[in-house]
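A.B. asks: If you scroll down you'll find the structure; I have some questions about it.
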Amino acid sequence: MNKPVRRIAIFCGLLVLALLLRDNWLQFVQADELKTNKHNHRVAIARYSQPRGNIIVDGQEVTGSAETNGIDYKYKRTYKNGEMWAPVTGYSSQVFDGSQLEKLYDKILTGDDDKLFFNRTVDMLTGKGQKGGDVITTLNAKAQEAAFKGLGDKRGAVAALDPRTGKILALASTPSYDPSKIAGANDSAAWTALEKDKNQPMLNRALRATYPPGSTFKVVTAAAALENGLYSDPDQKTQTPNKYVLPDSATELKNEGSIQCENATMREALRISCNTVFGKMSADLGNDKMKKEAEKFGFNSELLTPVRAEKSVYPKDDRPQNAMDGIGQASNRATPLQMAMVVSAIANNGKLMEPYMVDKVRAPNLNVIETHQPKEMAQPLSAPNAQKIQSMMETVVENGTGTSAKIDDVSGVTVGGKTGTAQHGVDNSGKPYAWFISYAKTDNGSPVAVAVVVEGDDSTARDDVAGGALAAPIAKNVMEAVLKTSK
Numbered sequence: 079m080n081k082p083v084r085r086i087a088i089f090c091g092l093l094v095l096a097l098l099l100r101d102n103w104l105q106f107v108q109a110d111e112l113k114t115n116k117h118n119h120r121v122a123i124a125r126y127s128q129p130r131g132n133i134i135v136d137g138q139e140v141t142g143s144a145e146t147n148g149i150d151y152k153y154k155r156t157y158k159n160g161e162m163w164a165p166v167t168g169y170s171s172q173v174f175d176g177s178q179l180e181k182l183y184d185k186i187l188t189g190d191d192d193k194l195f196f197n198r199t200v201d202m203l204t205g206k207g208q209k210g211g212d213v214i215t216t217l218n219a220k221a222q223e224a225a226f227k228g229l230g231d232k233r234g235a236v237a238a239l240d241p242r243t244g245k246i247l248a249l250a251s252t253p254s255y256d257p258s259k260i261a262g263a264n265d266s267a268a269w270t271a272l273e274k275d276k277n278q279p280m281l282n283r284a285l286r287a288t289y290p291p292g293s294t295f296k297v298v299t300a301a302a303a304l305e306n307g308l309y310s311d312p313d314q315k316t317q318t319p320n321k322y323v324l325p326d327s328a329t330e331l332k333n334e335g336s337i338q339c340e341n342a343t344m345r346e347a348l349r350i351s352c353n354t355v356f357g358k359m360s361a362d363l364g365n366d367k368m369k370k371e372a373e374k375f376g377f378n379s380e381l382l383t384p385v386r387a388e389k390s391v392y393p394k395d396d397r398p399q400n401a402m403d404g405i406g407q408a409s410n411r412a413t414p415l416q417m418a419m420v421v422s423a424i425a426n427n428g429k430l431m432e433p434y435m436v437d438k439v440r441a442p443n444l445n446v447i448e449t450h451q452p453k454e455m456a457q458p459l460s461a462p463n464a465q466k467i468q469s470m471m472e473t474v475v476e477n478g479t480g481t482s483a484k485i486d487d488v489s490g491v492t493v494g495g496k497t498g499t500a501q502h503g504v505d506n507s508g509k510p511y512a513w514f515i516s517y518a519k520t521d522n523g524s525p526v527a528v529a530v531v532v533e534g535d536d537s538t539a540r541d542d543v544a545g546g547a548l549a550a551p552i553a554k555n556v557m558e559a560v561l562k563t564s565k
């Protein structure tokens, strides 16, 4: 072979080698990356080539699949009561991917998960089409309905938990959206309208919106006071002056209306919601102790339910701001789920269970392939101290600011609660947020703890935005729904 031909042969050989190396690199190294690339249209086509598995609530499917006349996609996702369940399911779109449980469990729902390998093999051998598995939630349909209908056309959210296990029983957010309307290949106009809507219907307010918790946070401050030995008895008089000036400042912290809070006991201060008592209590404890106690309840930590919840924040603050943080103002921010966790720990005698919304995952043949086990997350306060706060919260509902949460038509039930009206905006110029946190207790413990927040809007007079008036009746309906379905 002459020299020029040999060079050409070597060059061609190198080209073939490079091609083989590139081919193997694509098949074995970049395969997963290319498969999941958002620009790979074939992934979406495969995802909707057969009906998806379903998301289940109380044994009933809240999702479905409908056959389409499209060229690329054989099926598209459908939803039953989509607006009510959107904060739980999220959406699955042929164009805009997915969110929440639909996104997190996509491989289970499509049947592509390795846990379903046996099922896929059987389907292939028998000539059947691939089937997806199901995601079985912890949600209580009646509680979710009570929460969603209670919020109505208001902006707000509800989170309800079973304190004994951490199961999420309700997760409502309004305004909401119907995921069915953005599920197809030609729904870009609906998607754009949702994104431009100033009321943010796609924002999951129960998990992703943080608010100043207002006076509902006073139960955390009470827990910090008891745990750190500042006070030991709910009926012990606090050392609170009639007029309380924030530390290192000339700003007087005022109470609402004409309530009398001088040296009030913790029970009385919680019953009528004294800012001065709990503001001074937070200042006396100091920022480090307050922050540490809040963090025991879950503040300053990211939480996966498995859907990610926004981090609630108890800040590192100076002395005057820490006093305000202690009454749920200043830079204190919490999600409704976080405040449900707070009241859940108190109702469960100080033990905080990790919240979760997926109970089981099952294969198409109905075999359970994954089960969630309840897990203790923290012990924010001792059982005796938790019971002291329960006693104080029950006084709030019995003859304090939370009487509209009383449950009289279910026997043997005791309700504890705390109202909150949280100021926000520059110089508190925004409409306040109305809060209510509560639990219902029976002889068998507490099956439900609830947090409700309602955002004041232009149709609501500022003076009418109050937790007892707007949020407590919603919490009551949710608690009743759980109590009646748990018998």
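Just so we're aligned, residue 79 is where the sequence shown starts under this note's numbering, counting upward by one.
We put the beta carbon where it would ideally sit given N, CA and C, even for glycine.
Nearest-angstrom Cα distance between ALA361 and GLU346?
C.D. replies: Between ALA361 and GLU346, the C-alpha separation is close to 19 Å.
A.B. asks: State the CB to CB distance for the pair ARG125 and THR188, rounded to an integer number of angstroms; the pair is presumed to be in contact (CB under 8 Å).
C.D. replies: Confirmed, about 5 Å.
A.B. asks: Taking the beta strand (DSSP E) that LEU308 belongs to, which residues open and close that run?
C.D. replies: Premise fails: LEU308 is in no beta strand (DSSP E) and is neither H nor E.
A.B. asks: Of the residues PRO290, ALA483, ALA238 and ALA225, which one's Cα is nearest the Cα of GLN407?
C.D. replies: Cα-wise, what sits closest to GLN407 is PRO290.
A.B. asks: First and last residue of the beta strand (DSSP E) that includes VAL236?
C.D. replies: Element bounds for VAL236: 233 to 239.
A.B. asks: Within 10 angstroms of the Cβ of SER379, are there 16 or more other Cβ atoms? Answer buried if so, exposed if not.
C.D. replies: Exposed: under 16 other Cβ atoms inside 10 Å.
A.B. asks: Taking ILE515 as part of the beta strand (DSSP E), name the residues at either end of that continuous run.
C.D. replies: It spans 511 to 520 - the beta strand (DSSP E) in which ILE515 sits, taken as one unbroken run.
A.B. asks: Find out if the Cβ-Cβ distance for the pair GLU371, PRO458 is shorter than 8 Å.
C.D. replies: Yes; because the gap between Cβ atoms is below 8 Å, this pair is in contact.
A.B. asks: When you compare only the Cα positions, how much space is there between TRP513 and ALA550?
C.D. replies: Rounded to whole angstroms, TRP513 to ALA550 spans 8 Å at the Cα level.
A.B. asks: Roughly how many whole angstroms lie between the Cα atoms of ALA461 and PRO433?
C.D. replies: C-alpha separation (whole angstroms): 20 Å.
A.B. asks: Closest by CA to ARG397, which one among GLU388, GLN501, LYS369 and GLU373?
C.D. replies: For ARG397, the nearest C-alpha among the options comes from LYS369.
A.B. asks: Within the continuous beta strand (DSSP E) that includes ALA571, where are the two ends?
C.D. replies: Nothing about residue 571 can be read from this structure; the chain reaches only from 79 to 565.
A.B. asks: Around the Cβ of ASP366, are there at least 16 other Cβ atoms within 10 angstroms (buried) or fewer (exposed)?
C.D. replies: Looking at its Cβ environment, which holds fewer than 16 other Cβ atoms inside 10 Å, ASP366 is exposed.
A.B. asks: Along the chain, which unbroken stretches of the beta strand (DSSP E) at least 3 residues long are found entirely within the segment 151 to 218?
C.D. replies: Correct list: 153 to 157 and 212 to 215.
A.B. asks: Check whether the Cβ atoms of LYS181 and GLY168 lie closer than 8 Å to each other.
C.D. replies: Yes.
A.B. asks: Please determine, among ILE447, ALA547 and ALA456, the residue with the shortest C-alpha to C-alpha distance to SER422.
C.D. replies: Measuring from the Cα of SER422, the nearest candidate turns out to be ALA456.
A.B. asks: Within this structure, are the beta carbons of LEU247 and ASP240 separated by less than 8 Å?
C.D. replies: Yes, the pair counts as a contact, with Cβ atoms nearer than the cut-off.
A.B. asks: What are the partner residues of GLN222, as DSSP defines its beta bridges?
C.D. replies: None; GLN222 has no bridge partner.
A.B. asks: Give a yes or no on contact between the segment 249 to 262 and the segment 153 to 164, applying the rule of three or more CB pairs nearer than 8 Å.
C.D. replies: Output reads yes: the segment 153 to 164 touches the segment 249 to 262.
A.B. asks: For ARG242, does the three-state DSSP call read helix, strand or coil?
C.D. replies: Residue state, collapsed to three classes: coil.
A.B. asks: Excluding the 5 residues preceding and the 5 following LYS245 in the sequence, name in chain order all residues of the same chain whose CB lies nearer than 6 Å to its CB.
C.D. replies: These residues qualify, in order along the chain: THR216.
A.B. asks: I need the DSSP call for ALA412, collapsed to helix, strand or coil.
C.D. replies: If DSSP states are grouped into helix, strand and coil, ALA412 belongs with the strands.
A.B. asks: Alpha carbon to alpha carbon, what distance is there between PRO165 and THR354?
C.D. replies: Approximately 37 Å between the Cα atoms of the pair.
A.B. asks: Out of curiosity, what's the CA-to-CA distance linking THR318 and GLY478?
C.D. replies: C-alpha separation (whole angstroms): 20 Å.
A.B. asks: Is the number of C-beta pairs between the segment 400 to 420 and the segment 291 to 300 that are closer than 8 Å three or more?
C.D. replies: Output reads yes: the segment 291 to 300 touches the segment 400 to 420.
A.B. asks: Going along the chain, which residues of its own chain have a beta-carbon closer than 6 Å to the beta-carbon of MET359, five neighbours each way excluded?
C.D. replies: Counting only Cβ-Cβ distances below 6 Å, and skipping sequence neighbours, we find THR299 and ALA303.
A.B. asks: Hey, quick one: how far does the alpha helix (DSSP H) through GLY137 stretch, first residue to last?
C.D. replies: Neither: GLY137 is in no alpha helix (DSSP H) and is coded neither H nor E.
A.B. asks: Applying the 10 Å Cβ sphere with the 16-neighbour rule, what's the burial state of THR449?
C.D. replies: Exposed, because fewer than 16 other Cβ atoms sit within 10 Å of the Cβ of THR449.
A.B. asks: Starting from ASP437, trace the alpha helix (DSSP H) in both directions and tell me its first and last residue.
C.D. replies: ASP437 -> not in any alpha helix (DSSP H); beta strand (DSSP E) instead, spanning 436 to 440.
A.B. asks: Just curious, the alpha helix (DSSP H) that SER469 is in, first and last residue?
C.D. replies: Looking at the DSSP string, the run of the alpha helix (DSSP H) that includes SER469 is 461 to 477.
A.B. asks: Thinking LEU561 and VAL488 are a contact (beta carbons under 8 Å), I'd like their distance in whole angstroms, please.
C.D. replies: The Cβ separation is near 5 Å, so the contact holds.
A.B. asks: With distances taken Cα to Cα, identify the nearest neighbour of SER127 among VAL140, LYS154, THR141 and GLU139.
C.D. replies: The residue with the shortest Cα to Cα distance from SER127 is LYS154.
A.B. asks: Please work out which residues of its chain come closer than 7 Å, Cβ to Cβ, to ALA144, disregarding the five sequence neighbours upstream and downstream, and give them in chain order.
C.D. replies: Excluding positions up to five away in sequence, the list reads TYR153, LYS154 and THR156.
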